[in-house]
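What follows is one structure encoded as structure tokens, with my remarks underneath.
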Amino acid sequence: MCGIIGYVGKNKRAQEVSMDGLKILEYRGYDSAGLAYYAIDDSKLHIVKEKGHVEELEKKLEKHEANLGIGHTRWATNGIADEINSHPHKQGKITIVHNGIFENYEELKKQLINEGIEFKSETDTEVAAALLNKIYNKTNNMEQTLIEFQKQVTGDYALGIINDDDLETLYAIRNESPLFIGLGENENYITSDILAVLKYTSNYTELENGDFAKIKANSIKYFDKNGDEINKETKVSSIKYKDIKKDGFETFMLKEIFEQSKSFNNTVFPYIENGIDSLMKKMPDFSKYDRILILGCGSAMHAGLVGKNLIEGYADIPVDVEIASDFNDKKKIFIDNKTLVIGVSQSGETADTIKALKRAKEKGANALGIINRQGSMMTKIVDYVLYTNSGFEVAVATTKAYSAQIALLSLIALNIANHKNNIDKTELAAILKSIKELPEQIDKLLTEDCCTKYHKIAEKLYDKNNIFFLGRGGIDYSLAMEGSLKLREITYINSSAYSGGELKHGTISLVDDNTPIINMLTDKTVINKMLSNMEETRTRGAKNYLVTTKSLSDKYSPNVEDKIIIDDTHELLQPILAIIPLQMIAYYVSRLRKVNTDKPRNLAKSVTVI
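If you read the sequence shown in the working numbering, its first letter stands for residue 2, the second for the next number, and so on.
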């Protein structure tokens with residue numbers, strides 16, 4: 002949610018660099034965008050803003066020679082999505098872009114209005130600009146201004162700042178919200194996501210909480226919250242610019258679905274390259290904990306539900322899964338130092354999950370992060386980190402990161418089971434064999450024939466108003482939930498997942514003629530009950546579709562509209578195969594409905610505000 006880009010330099014047009022960055026930052030989600038840049042040729046600071054897509058903003062730009070600029074993609078929080086509320090905001094000599102929320106902005110705004118300051122927007126950002134301008138008018142020194150500013154505001158923020166008195170300098174400051182400085186030759190950048198500057202540089206530094214920076218084309222000075230000058234380590238991004246291209250696929254989502262075999266390899270094989278001994282050495286011993294709590298949002302929470310069943314089934318440790326936002330709203334939480342709390346987040350920036358992890362740690366729990374992005378905020382607060390290494394994911398609807406999260410959770414289950422001697426050598430050998438076979442089985446589900454079948458099913462579903470997913474048992478129901486979410490978020494169809502066991506307790510009243518139901522059946526222990534549930538819906542007019550394994554399909558032949566058969570593998574890995582048809586069906590339905598599959602409306606890739 003929201004993105005910051007900034008440039009100061011002698012080599013490029015600031016507005017063009019900023020536009021390149023804003024286009025990359027689109028994946029995070031936004032509803033308006035804007036730029037401020039200082040044009041040398043007319044000695045003016047230009048501010049251009051637009052509701053809607055970055056492409057519309059680009060049409061309004063003029064070709065000035067500009068050495069300094071800041072840009073922003075905004076997700077509306079304080080104030081509606083319109084041009085007035087879009088960033089940048091200017092008050093007096095100060096122009097800023099801002100990620101985060103100033104918690105005390107209403108109090109500050111009342112105070113500033115009483116002092117005669119007028120506001121055009123409804124945003125907390127313009128209040129911050131006015132406060133900065135007020136302080137600067139007193140200090141006439143930007144370093145002192147930023148020190149005093151931090152004392153007066155509360156909340157999470159990252160700011161890019163331009164001062165009319167120094168139009169060769171870009172200022173940056175952060176608290177809790179990420180902010181990076183990209184390093185170039187005769188030019189430097191600021192960004193809330195290093196991806197936005199990878200076209201120009203892979204070298205960067207990172208501001209920590211309370212840090213601020215004075216950035217010129219040929220120099221950068223870093224300061225802590227007290228104004229003392231500090232040094233910063235230069236880092237090199239592991240993500241390359243080529244990693245954020247479509248590589249011939251029509252969408253990023255399709256590309257990322259097809260990358261899942263590679264993603265699985267990158268996630269799992271570093272831990273098992275020398276068999277179980279590697280896993281024991283490279284992963285901490287989690288068997289010392291009496292209880293595990295998994296926290297996540299959206300698909301990450303669904304991955305946690307699958308992980309719960311895998312860990313409980315193999316490790317004999319009770320596992321709870323909670324939506325991170327609900328956990329934060331609880332009056333009391335019952336955890337201690339014998340609880341391992343696992344936060345699952347693709348970005349490592351999910352605000353609700355970060356807050357929940359902090360709360361759990363305050364109660365004495367150890368925290369583990371299952372994260373895709375190295376150096377993200379979550380990595381700084383947890384005790385352990387396991388990286389999924391699934392590669393950069395652009396599409397808002399997660400696919401390869403979700404399956405990689407399940408892969409790591411399955412390894413955790415295997416690790417604890419082995420520490421507790423819950424698994425014999427024969428089964429262990431079978432699991433390792435299945436791991437080696439899985440990438441080929443993933444690719445088999447993405448052949449042309451399989452994709453043709455997914456598309457044919459999508460053609461029967463794309464014009465429906467309601468679609469149900471049904472699963473029985475912990476894993477199949479969890480997969481149904483994720484399949485339903487995937488369809489819902491990229492097609493805008495009202496899609497719901499239900500447990501087969503709950504069918505008679507109210508849900509079946511929704512079934513009538515031609516109700517489409519996608520059924521999950523990979524758990525052989527519940528097959529007879531699930532087949533009974535499917536027959537109950539069929540006799541009431543439902544059009545049933547089935548995702549099942551080859552062994553179950555060979556044994557049972559339910560009356561369905563269509564059936565997708567996946568290979569059998571070890572139950573620790575079966576969910577990774579089972580989700581792929583659901584991802585592909587959702588994808589094709591989205592394309593048939595002509596939805597922006599990569600960037601569905603109202604959704605953001607990284608939800609960085611609560």
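Yeah, the Cβ is synthetic: ideal placement off N, Cα and C, and Gly gets one too. Owing to the predicted nature of the structure, the values given are computational and were not obtained by experimental measurement.
Item: Selected residue, minimal CA-CA separation from Lys356, among Val98, Lys121 and Asp157; Value: Asp157
Item: Alpha carbon of Pro440 to alpha carbon of Asn210, nearest angstrom; Value: 41 angstroms
Item: Within 8 angstroms, strictly: CB atoms of Pro582 and Lys544; Value: no
Item: Three-pair Cβ contact test at 8 angstroms for the stretch 268 to 275 versus the stretch 419 to 430; Value: no
Item: Helix, strand or coil at His99 [DSSP, three-state]; Value: strand
Item: Cβ-Cβ distance between Leu573 and Ile432 below 8 angstroms; Value: yes
Item: Buried versus exposed, by CB contacts within 10 Å (16 or more), Thr526; Value: exposed
Item: Alpha carbon of Lys331 to alpha carbon of Lys359, nearest angstrom; Value: 14 angstroms
Item: Proximity of Gly72 and Leu36 at Cβ, strictly below 8 angstroms; Value: yes
Item: Leu410 - DSSP class collapsed to helix/strand/coil; Value: helix
Item: Inter-residue Cα distance where the pair is Asp286 and Tyr205; Value: 34 angstroms
Item: Environment of Pro319 [buried if 16+ CB atoms lie within 10 Å]; Value: exposed
Item: Where the beta strand (DSSP E) through Asn68 begins and ends; Value: Ala67 to Arg75
Item: Segment limits, beta strand (DSSP E) that includes Leu634; Value: Since the first and last residues shown for the chain are 2 and 611, residue 634 lies out of range.
Item: Residue range of the unbroken beta strand (DSSP E) whose run includes Glu1; Value: There is no way to answer for residue 1, as the model of the chain reaches only from 2 to 611.
Item: Residue from Asp167, Glu144 and Val98 whose Cα sits closest to the Cα of Ala130; Value: Val98
Item: Residue environment, Glu108, which counts as buried when at least 16 other CB atoms sit within 10 Å; Value: exposed
Item: Close-in-space but distant-in-sequence residues of the same chain around Leu409 (CB under 7 angstroms, 5 per side omitted); Value: Thr268, Ile371, Leu387 and Thr389
Item: Pro271 burial status per 10 Å Cβ neighbour count (16 or more: buried); Value: exposed
Item: Identified DSSP bridge partners for Gln92; Value: Ile95
Item: Status (buried if at least 16 other CB within 10 Å, exposed otherwise) for Glu373; Value: Before going further, note that residue 373 is Asn rather than Glu in the sequence given. Buried is the call here.
Item: Euclidean distance between Cα positions of Ser44 and Asp165; Value: 11 angstroms
Item: Bridge-paired residues (DSSP) for Arg292; Value: Thr340
Item: Where Arg14 falls, given that 16 or more other Cβ within 10 Å makes a residue buried; Value: buried
Item: Spatial distance of Asp405 from Asn329 (CA atoms); Value: Just to set this straight, residue 405 is Ala in the shown sequence, not Asp. Cα to Cα, Ala405 sits roughly 26 angstroms from Asn329.
Item: Sufficient close CB pairs (3 or more, under 8 angstroms) joining the stretch 532 to 542 to the stretch 483 to 498; Value: no
Item: Ser33 (DSSP reduced to helix, strand or coil); Value: strand
Item: Spatial distance of Ser1 from Gly93 (CA atoms); Value: A question about residue 1 goes unanswered here, because the residues of the chain that appear run from 2 up to 611.
Item: Whole-angstrom distance between Thr354 and Ser377, CA atom to CA atom; Value: 13 angstroms
Item: Closest residue to Leu160 among Ser122, Arg594 and Gly101 (Cα-Cα distance); Value: Gly101
Item: Nearest residue (CA-CA) to Tyr31, options Ala77, Ile6 and Ala418; Value: Ala77
Item: Classification of Thr235 by the beta-carbon crowding that lies within 10 angstroms, buried from 16 upward; Value: exposed
Item: Cβ-Cβ distance between Ser485 and Ser500 below 8 angstroms; Value: no
Item: Cβ-based neighbour list, Lys226, same chain, cut-off 6 angstroms, excluding 5 preceding and 5 following; Value: Gln151 and Gly211
Item: Cβ-Cβ distance between Ile443 and Leu578 below 8 angstroms; Value: yes
Item: Ser193 versus Ile567, Cys451, Tyr28 and Met585, residue with shortest Cα-Cα distance; Value: Tyr28
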